[in-house]
Amino acid sequence: MVSSHAAFVLLVAAASVAVALARTYGSEAGPKYGYVPGSANGPANWGKLSPEYKMCGDGKRQSPVDIVTKQAVSTPNLDNLTRVYAAANATLINDGHDIMLTFDTKVGSITMNGKVYNLEKMHWHMPSEHTINGQRYPLEMHLVHKNDAGELAVIAILYQYGAPDSFYFQLRNKLAELAKETCNFAEEEAQVPAGLIHMRSLQKRTGSYFRYAGSLTTPPCTENVVWNILGKVRQISKEQVAQLATLLPSKDSARPAQPLNGRVVQFYNPPNSTISFQM
């Protein structure tokens, strides 16, 4: 019998064939899509908007998902996902769907299954796209990594309301500048130089996390992503989330949870780890 870990590796390898069909992360140039439930361009209709978006409706390994902690399979031999990041110059971008931070130079990497994945950008969804035992959080950050073969690995961090988050302090003024830039949310994107961004607060030891094989959460919904959702929920203030939210035309930028369709969610929980959920 093939172990759950071996089966997962084979699934990821097969998914890599689709990598060439998608850009690093996010939507390709194509029809405008939205997040309003029941609307013509809402999540339920993404697959009908364009042949390029067909996977959004027909895919069987779509993301995000609801993680039921009691059903997650403990897998002690997974990677510890040590993150090694350095300070780097970056650019803040508002494309009408997401607020993104892209890096002008190499900023750091993670190692997963013996492969090095370089951090290329990060962005946020409000509220969270992944849910834990049905619970949705105010914010989710995606740290998007890519290896030399074009395969993607995303680290997702969930946030709950509480104390201000230190990483966002260095973006506060730049986000205000971005809000002044024009963006028609259809054909253009607004951007401002973010300057030198320090990554210290994001390279802490990972500890526990959930892993599964999935897809981009925006069109074209390509199924070429290894998802790693951290087990520790971070804190962020309501004011910080509100500043991000005011930059987008919709209060909701989260795709609803998709069926697992038999996929296994793995769980890594090394000694002395902190986890925010009941297992």
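With my numbering, letter number 64 in the sequence shown gets 71, and the count goes up by one each step, no holes. For every residue, glycine included, the Cβ atom is placed at its ideal position computed from N, Cα and C. These figures come from a predicted structure and were not determined experimentally.
By how many angstroms is the C-alpha of Trp131 removed from the C-alpha of Asn140?
The straight-line gap from Cα to Cα measures roughly 21 Å.
In three-state DSSP terms, what is Asp73?
Three-state DSSP puts Asp73 in a strand.
Check whether the stretch 38 to 55 and the stretch 223 to 234 touch, using three or more Cβ-Cβ pairs below 8 Å as the test.
A contact exists between the stretch 38 to 55 and the stretch 223 to 234.
Out of Ala220, Val232, Pro277 and Phe176, which one is the CA nearest neighbour of Asn268?
Closest option to Asn268, Cα to Cα, is Ala220.
Skipping 5 residues on each side, what residues in its chain have a beta carbon closer than 6 Å to that of Leu237?
Hits under 6 Å: Ile164 and Tyr216.
Can you tell me the Cα-Cα spacing of Val272 and Asp155, whole angstroms?
CA-to-CA, the gap between Val272 and Asp155 works out to about 25 Å.
Sheet register partners of Pro200 (DSSP bridge):
DSSP lists Thr98 as partners of Pro200.
Using CA atoms only, rank isn't needed, just tell me which of Lys113, Arg143 and Tyr168 is closest to Lys153.
Comparing Cα-Cα distances from Lys153 to each of Lys113, Arg143 and Tyr168, the minimum goes to Lys113.
Compute the beta-carbon to beta-carbon distance between Ile106 and Gln198, rounded to the nearest angstrom, for a pair I have assumed lies under 8 Å.
That pair is no contact at about 11 Å.
Is the stretch 163 to 182 touching the stretch 198 to 208 in the sense that three or more CB pairs, one from each, lie closer than 8 Å?
The stretch 198 to 208 vs the stretch 163 to 182: in contact.
Note down, in chain order, each residue of its chain lying with its Cβ closer than 6 Å to the Cβ of Ser280, except the 5 sequence neighbours on either side.
For Ser280, where only same-chain residues beyond five positions count, the Cβ hits under 6 Å are Gly214 and Ser215.
Please name the residue or residues paired with Glu147 in a DSSP beta bridge.
His132 and Leu165, per the DSSP bridge assignment.
Going by DSSP, what residues sit across from Arg241 in a beta bridge?
The partner list for Arg241 (beta bridge, DSSP) reads Tyr166.
Within 10 angstroms of the Cβ of Pro71, are there 16 or more other Cβ atoms? Answer buried if so, exposed if not.
Its Cβ being crowded by 16 or more others within 10 Å, Pro71 is buried.
How about Ser116 and Val91: do their beta carbons lie closer than 8 Å?
Taking C-beta atoms as the reference points, Ser116 and Val91 count as a pair closer than 8 Å.
Report the rounded CA-to-CA distance for Leu182 versus Thr98, giving the unit in angstroms.
Taking the straight line from one Cα to the other gives about 11 Å.
Quick one: grab the DSSP three-state call for Ser57.
Residue state, collapsed to three classes: coil.
For Gln142, is the classification buried or exposed, using 16 other Cβ atoms within 10 angstroms of its Cβ as the cut-off for buried?
Classification for Gln142: exposed.
Compute the distance between the beta-carbons of Leu108 and Met133, then report whether it is under 8 Å.
Contact check for Leu108 against Met133 fails: the beta carbons are separated by 8 Å or more.
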